[in-house]
Amino acid sequence: MNNTIILSYQNEVKRKKFHLMSSFLPIYYYFLPESIIFFSLFLFISVLLIDIYRIKFNKIPNIPFVKNIKNTIRPYEENNFMSATLLCFTAFIIIIFFEMQIAITSLFIASISDTCAALYGQKYGKIKLFYKKTLEGSYAFFISSISLMYMLLTFKIVNIDLIYLFIACLIATIVESLTPTKLDNMSVPICVSLSMFLFINL
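Residue numbers for the sequence shown follow my numbering, beginning at 28 and rising by one.
See the structure below:
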């Protein structure tokens, strides 16, 4: 269970502030789709190089903004890639292989619903599930993902039956609750992308 050790709530909030910045990627995609592949690749390579430097020299690069992540690194990331690096890689792959509405939806959920689950679950969670996650956190993930899906449907960013979106959110919630914390930045967006792809092509 050592790889699931969480941060203090204060540092978790700081971490999720950085994590929420990943929602800029689907916003960028919506407004500038013609350059999204180049931008997402640039973002992934930049984060990867920073992470390699951090692991190799055991210190955070003295770069404005980047140096502030020091207290947000979880114990299992100290000698391994950060979840942010895995998310950037996953985002790049999803953008390449899936259509716009799928990529935008899955990346929003990975950014916002994951944040809601982590913060609400750590502060109010009582019923333990797997990998130190809680039922309350899963509830926050599900409600936030449904809300996101509904907003995207309302603004015609996605074009899928509401019942399919509901099922996709339920599947994502289950996958998130069963995935080790260090891997859910990959499993959640991939799960959402695959389920939406299947529903669109039914």
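Note that the Cβ used here is the ideal one computed from N, Cα and C, for glycine as well.
Rounded straight-line distance, which links the Cα of residue j to that of residue i
i, j, result
"PRO207", "ALA167", "18 Å"
"THR132", "LEU225", "14 Å"
"TYR151", "VAL40", "14 Å"
"ILE154", "SER204", "12 Å"
"MET48", "LEU229", "33 Å"
"LEU34", "VAL74", "21 Å"
"ILE90", "TYR36", "25 Å"
"TYR80", "LYS86", "8 Å"
"ASN106", "ILE82", "6 Å"
"THR31", "ILE96", "With a pLDDT of 45 at THR31, under the threshold of 50, the modelled position of this residue cannot be trusted, and the question is left open."
Reference residue i; option with closest CA among the options
i, options, result
"PHE45", "LEU162, ASN98, SER214, PHE84", "ASN98"
"MET178", "LEU229, PHE135, ILE77", "PHE135"
"SER174", "LEU189, LYS160, THR161", "LEU189"
Assumed close pair residue i, residue j - CB separation to whole angstroms, cut-off 8 Å
i, j, result
"SER165", "ALA195", "With a Cβ gap of about 15 Å, SER165 and ALA195 do not count as contacting."
"PHE157", "LEU197", "Going by Cβ atoms, the distance from PHE157 to LEU197 rounds to 17 Å, so no, they are not a contact pair."
"SER110", "ASN212", "5 Å"
Residues that residue i bridges to, as DSSP identifies them
i, result
"THR161", "LYS155"
Same chain only: Cβ atoms within 6 Å of residue i, ignoring 5 sequence neighbours per side
i, result
"PHE92", "none"
"ASN29", "Since pLDDT at ASN29 reaches only 41, below the 50 mark, its modelled position is unreliable, and the value read off the structure follows with that caveat. Answer for ASN29: no residue qualifies."
"TYR191", "PHE226"
Spatial neighbours of residue i in its chain, beta-carbon cut-off 7 Å, leaving aside the 5 residues before and after
i, result
"CYS143", "ALA167, PHE168, SER171"
"PHE66", "TYR55"
Residues of its chain near residue i, where Cβ-Cβ distance is below 8 Å and the 5 sequence neighbours each way are ignored
i, result
"PRO216", "LEU114, THR117, ALA118, ILE121, SER133, LEU134, ILE136, ALA137"
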